[in-house]
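As you go down the protein sequences, you meet chains A and B in turn. According to the working numbering, the first sequence is numbered sequentially starting from 1. According to the working numbering, the second sequence is numbered sequentially starting from 1001. For glycine and all other residues, C-beta sits at the position ideal for the given N, C-alpha and C. All values reported here derive from a predicted model rather than from experimental measurement. Okay, structure first, notes after.
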Amino acid sequence: MITDSKNNTTPKDSVVVENVVIRFVGDSGDGMQLTGTQFSDTSAMFGNDIATFPNYPSEIRAPQGSLYGVSGFQVQIGSLDITTPGDSVDLLVAMNPAGLKTNLSALKPGQMLIVDTDSFTKKNLEKAHYDSNPLEDGSLDNYKVIEVAMTSLTKEALKDMGLDNKSVIRSKNMFALGMVYFIYNRSMDHTIDFFQKKFKKKPTIVEANTKVLKAGYYFAETMEIIATTYQIAPATMDKGIYRMINGNTATAWGLLAASQNSGFELFLGSYPITPATDILHELSKHRYFGIKTFQAEDEIAGVTSSIGASFAGDLAVTTTSGPGLALKGEAIGLAMMIELPLVIVNVQRGGPSTGLPTKTEQSDLLQAMYGRNGESPVIVIAASTPSNSFDFAYEACKLALEHMTPVILLTDGYIANGSAPWKIKKAADMPPIGNQVVKEGTNHVPYKRDEKSLARNWAIPGTPNLEHRVGGLEKDKTTGNVSQEPLNHQFQTEIRAEKVRRVQDYIPEIHPEYQEAGDLLVVGWGGTYGSLNAAVNQMNQEGYKVGHLHFNYINPLPKNTLDQLKKFKKVIVCELNAGQMVQVLKNNYQEIDYLQYNKAQGLPFTTLELTEKFKQVL
Amino acid sequence: MENTATKYTFKDYQSDQEVRWCPGCDDYVILRSIQKALPETGVKKENVVFISGIGCSSRFPYYMDTYGMHSIHGRAAAIATGAKLANPELSVWVASGDGDSMAIGGNHFIHVLRRNVDINYILFNNEIYGLTKGQFSPTSLLGQKTKTSPYGNTQPPFNPGELAIGSRARFFARLGGNVPKEMTQVFIEAEKFKGTSLVEILQNCVIFNDGCYTKYTDKAVKDEMQIHLEHGKPMIFGKERNKGLVLNGLKLEVVTLGENGITEADLLVHDAHEPDITLHAMLVRLEYPLATGVIRSVEEPTFGERERELVNRVTESSRFKSVDDLFFSGETYEVK
């Protein structure tokens, strides 16, 4: 199981634990995201299961030392199945007073706190609104505080290297990482290897970072300030080759796999928007697969260029977040009306309006369902973990191409930026993707439909003798020519809805986890899978009969949804919004009495708040 | 793209749909001119795509027996960009009005020109909103009385040529709406040009803005009021071909041949291929005479060419032959 754990030193007083939650916090320029990622990757290679939660401000470099400029990275690693980054924290690393102030409440009493004492200056304490120094006033007595003059020690480690002060201070995060590696018996090899690749052309930087990392590690080992170190055994996971992946990368790669398997070239028309832009970044790196990434002049051009590419025969995708989806609404309606394949990826963030760009929320569901003029149903699906974003991006392409319709894929900032181990799939592991392309013939009827799915024929420009026109105006059900005939419009309205409804025949049924039937069914959708699953798991361990029903297919819903809802005495729909999925369910299945648990704080659910709520309603 | 096997006629491009523009509309002339131009371009019929937005002129694709999309208001240029990037073999045409192109679709209009996407863009400029029945447009004149400016328009207009050149247009032509022969020739030239070919047609709206171009396009005054530019030819105009343009300081000036010792040799010679925009910008702004013909035609790599060059370059040096190579690259680990 252990594959990459050379040089592991195991002190005698090492304690074995099943899981641990660590949070790194500091200024947005302190490199906390890099530190957290390095710790996560190293632990993944060691064989732990992992979930991460980067939490950062929307300002790129907020004023130094300010409370709102704090950037954090939380990671849970374990030898058990890990589905969330954890509620409360076993180790908090605070690089400055502002980080301590905003994150201390998450630290479990009695647990370890590492602080850089050099940053606890009068000025920084004032910026963090501390009246007195928490390191001196006894307010941290409930924690194991490890005070380290990290900045000075980093300077000392690098004094002979002739680096400027800024570069020296910038590497103090590696001192913290070195200490944490020691505490959790982790090898430094992966991170040193990372320096060597990342700074290939800057050997001084490689040397400096390596020095500081080791300095931190040996400092923790030598100075007898760490009473206990911890070991987390590798998790029992399916055999195979793994890598750490975040939801945005997984989404991008799912699109790549769909393009390769379907034989359609991939076109991505997109406009930068947080937190979706990383998909555009990722695909822009892989142009050698012949994919076309087009950074458009605005959100509308992002989707309309994709519609043009789809019309001309590409697998067309546009990526965005809430405000962008609003701008794309009219164009998605056009794609729906002319019945072209189109994938819209919406990485949800806190709304409304500009809202909370870097925070997570599930509040675009109703916009995805209904955010267009006229009767314009489209397929709506949602990914629920960082790694299954790969599968649902692939599925979105498959459904769009096979059913000739726009498909909206919802992910969210939490799974888009969060990382987890992914058992790597090959393109050949994925189901084949069909299409509706017609290559020859005469008297072409553009809206001739497949009898079963109702998907229309697709004649692509460049095909001789199949020239035809499509458009946003209502058209005759057979010829496709413009028609405003009343009964024809009625017929067309119904058949477009029926086409989407029939997708039910092509998607899997849904089944609850933990219990087939019981006292309470916890219903969720999309990115809350991990949080809800951890909470339901705990309820069952405590003896409650609670099931977890999680939706990835929302429009249409799986065929057997009502059967499943009926098997439980109570149903509670949990969402990171004011109650949107519950509206969709109520529209479809009025006979169920739905309880709700809603949260709109820009943060994921915690296990504690969920289990408390479940016990309350039981 | 060249096709020698089939020779099309204009009838091959007529769809079975009844044309529903108002009687006397210049759009009929434009439609017929395109249908006559396409057989001369050598493009296979199945490769021709017409994209439009919303407006009277945007009904255009329905009347062409080619691939076509009547889309949503203002977005034709962006849709055309996607279609051309998806399949560079296509001959992509945009049919769009002044409101569609320069009001609701202004952003796409300037960016398609900036990028130099290899499409042909016919701008039907009638200085009015026709389909919504007579509101002022971004090219309506100051003081113009319309349904939304009953006391006169207070919004100064765009000059489409000026906007286009400011957006780095490489090809700009302007013609009256009543000159089918010239139109056919310019459309052929536009199709052959590699890059965004913008052709502005001064199109009379018989219902809501009738006569808006009469002072330039009426047969009786046309030769006096227009200077039809041809690359490499001196800038001469007038019924008697006795007037011309010279540069006086930083301004264009009309001179009469034979007066003050002026001869043809003193006149400016039209150079459509000059990369510097100065003279072209002066020509598009000229109010007397109105410059028509191909005013600017400067080839440089198209967006698609730049994109394909990039893809070829990175593909040659890539170590990934399939997506699996990418998925298994970098930091992976095995659980045994």
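Within 9 Å of chain B by C-beta, residues of the stretch 24–51 of chain A in sequence order: Asp41, Ala44, Met45, Phe46, Gly47
Which of helix, strand or coil DSSP assigns to Met32 of chain A: Within the first sequence, numbered from 1, the residue matching residue 32 of chain A stands at position 32. Looking at Met32 of chain A - three-state DSSP - the assignment turns out to be helix.
CB contact below 8 Å: Leu334 of chain A versus chain B: Within the first sequence, residue 334 of chain A is the residue found at index 334, counting from 1. True, the Cβ-Cβ gap to chain B drops below 8 Å.
Cα-Cα separation, Thr117 of chain A to Ala94 of chain A: For the purposes of this step, residue 117 of chain A is identified with residue 117 of the first sequence, where counting begins at 1. For the purposes of this step, residue 94 of chain A is identified with residue 94 of the first sequence, where counting begins at 1. Looking at the two C-alpha atoms, the distance is approximately 10 Å.
Environment of Arg372 of chain A [buried if 16+ CB atoms lie within 10 Å]: Within the first sequence, the letter at position 372 stands for residue 372 of chain A. Buried: at least 16 other Cβ atoms inside 10 Å.
Chain-ordered chain E contacts of Phe267 of chain A [CB-CB under 8 Å]: No chain E is present in this structure, whose protein chains are A and B.
The stretch 107–122 of chain A: positions lying closer than 9 Å to chain B by Cβ: Within the stretch 107–122 of chain A, no residue places its CB atom closer than 9 Å to a CB of chain B.
C-alpha distance - Ala420 of chain A paired with Gly1053 of chain B, whole-angstrom precision: Looking up residue 420 of chain A in the first sequence gives position 420. Looking up residue 1053 of chain B in the second sequence gives position 53. Looking at the two C-alpha atoms, the distance is approximately 45 Å.
Bridge partners - Phe390 of chain A, DSSP secondary structure assignment: Locating residue 390 of chain A in the first sequence gives position 390, counting from the first residue. In DSSP, Phe390 of chain A forms no bridge with anything.
Delimiting residues of the beta strand (DSSP E) encompassing Gln74 of chain A: Stepping through the first sequence from its first residue, residue 74 of chain A is reached at position 74. That run of the beta strand (DSSP E) goes 70–78.
Local conformation of Lys1147 of chain B per DSSP, three classes: Numbered from its first residue, the second sequence carries residue 1147 of chain B at position 147. Lys1147 of chain B falls in the coil class under three-state DSSP.
Chain-order list of residues whose beta-carbon lies under 7 Å from that of Leu342 of chain A (same chain, five-residue window excluded): If you number the first sequence from 1, residue 342 of chain A lands on position 342. Hits under 7 Å: Ser306, Ile307, Ser310, Ala316, Ala335, Ala400, Pro406.
C-beta atoms of His548 of chain A and Pro512 of chain A nearer than 8 Å: Counting from 1 along the first sequence, the entry for residue 548 of chain A is found at position 548. Counting from 1 along the first sequence, the entry for residue 512 of chain A is found at position 512. Result yes, Cβ atoms of His548 of chain A and Pro512 of chain A sit closer than 8 Å.
CB contact check: Met1001 of chain B to chain A, cutoff 8 Å: Within the second sequence, residue 1001 of chain B is the residue found at index 1, counting from 1. In this prediction, Met1001 of chain B scores a pLDDT of 46, lower than 50, which makes its location untrustworthy; the coordinate-derived value is nonetheless stated afterwards. With 8 Å as the cut-off, Met1001 of chain B does not count as an interface residue toward chain A.
Burial state of Val168 of chain A, where buried means 16 or more other Cβ atoms lie within 10 Å: One-based indexing of the first sequence puts residue 168 of chain A at position 168. Buried is the call here.
Selected residue, minimal CA-CA separation from Ser58 of chain A, among A:Thr607, A:Gly602, A:Phe614, A:Thr83: To locate residue 58 of chain A, count along the first sequence from 1; it is residue 58. Residue A:Gly602 is the option with its Cα nearest to Ser58 of chain A.
Residues in the stretch 286–308 of chain A having any Cβ partner in chain B nearer than 8 Å: His286, Arg287, Tyr288, Phe289, Gly290, Lys292, Phe294, Ala296, Glu297, Asp298, Ile300, Ala301, Thr304, Ser305, Ser306, Ile307, Gly308
8 Å Cβ cutoff met for Ile1051 of chain B and Val1094 of chain B: On the second sequence, residue 1051 of chain B is found 51 positions in, with the first residue counted as 1. On the second sequence, residue 1094 of chain B is found 94 positions in, with the first residue counted as 1. Yes, Cβ-Cβ distance for Ile1051 of chain B and Val1094 of chain B is below 8 Å.
Exposure of Ser1033 of chain B, with buried meaning 16 or more beta-carbon neighbours within 10 Å: The count along the second sequence starts at 1 and reaches residue 1033 of chain B at position 33. It is buried - the Cβ of Ser1033 of chain B has at least 16 other Cβ atoms within 10 Å.
Extent of the continuous alpha helix (DSSP H) to which Met645 of chain A belongs: Given that chain A is displayed from residue 1 to residue 618, the structure contains no residue 645 of chain A and the question cannot be resolved.
Per-residue DSSP class, three states only, for Glu59 of chain A: Along the first sequence, read from residue 1 onward, the residue named residue 59 of chain A stands at position 59. Correct three-state label for Glu59 of chain A: coil.
Cβ of Ile232 of chain A within 8 Å of any chain B Cβ: The residue given as residue 232 of chain A occupies position 232 in the first sequence. No, Ile232 of chain A does not count as interfacial toward chain B.
Where Lys475 of chain A falls, given that 16 or more other Cβ within 10 Å makes a residue buried: Reading the first sequence from its first residue, position 475 is the one you call residue 475 of chain A. By the neighbour-count rule (16 or more Cβ atoms within 10 Å), Lys475 of chain A is buried.
Contact between the stretch 230–246 of chain A and the stretch 265–272 of chain A (3+ Cβ pairs under 8 Å): no
Residues of the stretch 1067–1081 of chain B whose Cβ lies closer than 7 Å to any Cβ of chain A, in chain order: Tyr1067, Gly1068, Met1069, His1070, Ser1071, Ile1072, Arg1075, Ala1078, Ile1079, Ala1080, Thr1081
Terminal residues of the beta strand (DSSP E) in which Met1069 of chain B lies: To locate residue 1069 of chain B, count along the second sequence from 1; it is residue 69. It spans 1067–1070 - the beta strand (DSSP E) in which Met1069 of chain B sits, taken as one unbroken run.
Assigned secondary structure, His190 of chain A (DSSP; H/G/I helix, E/B strand, else coil): Sequence index remark: in the first sequence, residue 190 of chain A carries index 190 (1-based). In the structure shown, His190 of chain A sits in a helix (DSSP, three-state: H, G or I).
Span of the beta strand (DSSP E) around Leu1229 of chain B: Your numbering for residue 1229 of chain B matches position 229 in the second sequence. Segment 1226–1229, the beta strand (DSSP E) holding Leu1229 of chain B.
For Phe1124 of chain B and Glu494 of chain A, the rounded distance between their alpha carbons: For the purposes of this step, residue 494 of chain A is identified with residue 494 of the first sequence, where counting begins at 1. For the purposes of this step, residue 1124 of chain B is identified with residue 124 of the second sequence, where counting begins at 1. Their backbone Cα atoms lie some 37 Å apart in a straight line.
Whether Ser40 of chain A touches Val89 of chain A by CB criterion (8 Å): Against the first sequence, residue 40 of chain A aligns to sequence position 40. Against the first sequence, residue 89 of chain A aligns to sequence position 89. In this structure, Val89 of chain A does not lie closer than 8 Å to Ser40 of chain A by Cβ.
Residue range of the unbroken beta strand (DSSP E) whose run includes Met95 of chain A: Within the first sequence, numbered from 1, the residue matching residue 95 of chain A stands at position 95. Met95 of chain A -> no beta strand (DSSP E), and no H or E assigned at all.
Where the beta strand (DSSP E) containing Tyr594 of chain A begins and where it ends: Counting from one through the first sequence, the residue named residue 594 of chain A turns up at place 594. Segment 594–598, the beta strand (DSSP E) holding Tyr594 of chain A.
Boundaries (first-last residue) of the beta strand (DSSP E) holding Gly1244 of chain B: Start at 1 with the first residue of the second sequence, and residue 1244 of chain B comes out as number 244. Gly1244 of chain B -> beta strand (DSSP E) spans 1243–1248.
Straight-line Cα distance separating Ser387 of chain A from Ile245 of chain A: For this step, residue 245 of chain A is matched to residue 245 along the first sequence. For this step, residue 387 of chain A is matched to residue 387 along the first sequence. One C-alpha to the other measures close to 6 Å.
Of the residues B:Lys1239, B:Phe1303, B:Val1294, B:Pro1061, the one placed nearest Gln1185 of chain B, counting alpha carbons only: Walking along the second sequence from the start, residue 1185 of chain B turns up at place 185. Closest by alpha carbon: B:Val1294.
Asn1159 of chain B to Ala1078 of chain B span [Cα, whole Å]: Numbered from its first residue, the second sequence carries residue 1159 of chain B at position 159. Numbered from its first residue, the second sequence carries residue 1078 of chain B at position 78. Rounded to whole angstroms, Asn1159 of chain B to Ala1078 of chain B spans 22 Å at the Cα level.
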